[in-house]
Amino acid sequence: MLTITTYTGTNEQIRLRRGVCITCRVHPGETGSSFMLQGMIQYLTDDSLDAKILRDNFVFRIIPMLNPDGVIIGNHRTNLAGLDLNRQWLTPSRRLTASIWHAKAMLKQFIEERDVILYCDLHGHARKRNIFIYGCDSKQIGRGKVKNQGVEYCTPSLLLQ
-5 MLTITTYTGT NEQIRLRRGV CITCRVHPGE TGSSFMLQGM IQYLTDDSLD AKILRDNFVF
55 RIIPMLNPDG VIIGNHRTNL AGLDLNRQWL TPSRRLTASI WHAKAMLKQF IEERDVILYC
115 DLHGHARKRN IFIYGCDSKQ IGRGKVKNQG VEYCTPSLLL Q
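This is the structure we're talking about:
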């Protein structure tokens, strides 16, 4: 896991920064997602003023590969145990789906530490081209109104840039 932020200022100032979590490669065959994430990491660590402003105002937690076992053995969609990790988030097994179990624990802690305004899970697609976004409907997942609803409307535009 990578943490990208500016480490100047007091601990309290850093604690007050909002959080962004980015994950990638839950499906081993979606190699394009690794290239997207590589570009995001290069952008966030660049010397540009925009990147500095992002680092000064946010804490980015990045998991570059949620399914390393599946990637290593050459699976297209599943992990070493033959499970689609993207379907294991509700009740992950520490033994069979360890990367999701640990990622979920990290996310819970991250949310307790600060206001997390975005979770972005990068994927690839076998037939679609370019980039597209799926969003979660908060009513369907039983959480009522989204806390930062404006963010979900501007996120596609921000990712375009």
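Mapping of the sequence shown onto my numbering: position 22 corresponds to residue 16, and the numbering continues sequentially without gaps. Think of the CB as a built atom: it goes at the ideal place given N, C-alpha and C, for glycine as much as any other residue.
Query: Buried versus exposed, by CB contacts within 10 Å (16 or more), Glu34; Result: In the sequence as presented, Glu is not what sits at residue 34; that position holds Met. Label assigned to Met34: buried.
Query: Buried or exposed (CB count within 10 angstroms, at least 16 for buried), Asn124; Result: exposed
Query: Segment contact, 8 Å Cβ cut-off, at least three pairs: the segment 39 to 52 with the segment 89 to 97; Result: no
Query: Nonlocal neighbours in the same chain, by C-beta distance under 6 Å from Leu43, ignoring five residues either side; Result: none
Query: Beta carbon of Arg108 nearer than 8 Å to that of Arg11; Result: yes
Query: Segment limits, alpha helix (DSSP H) that includes Val65; Result: Pro62 to Ile67
Query: Enclosing beta strand (DSSP E) for Leu113 [first to last residue]; Result: At residue 113 the sequence reads Tyr, which differs from the Leu that was named. Val110 to Leu116 is the extent of the beta strand (DSSP E) around Tyr113.
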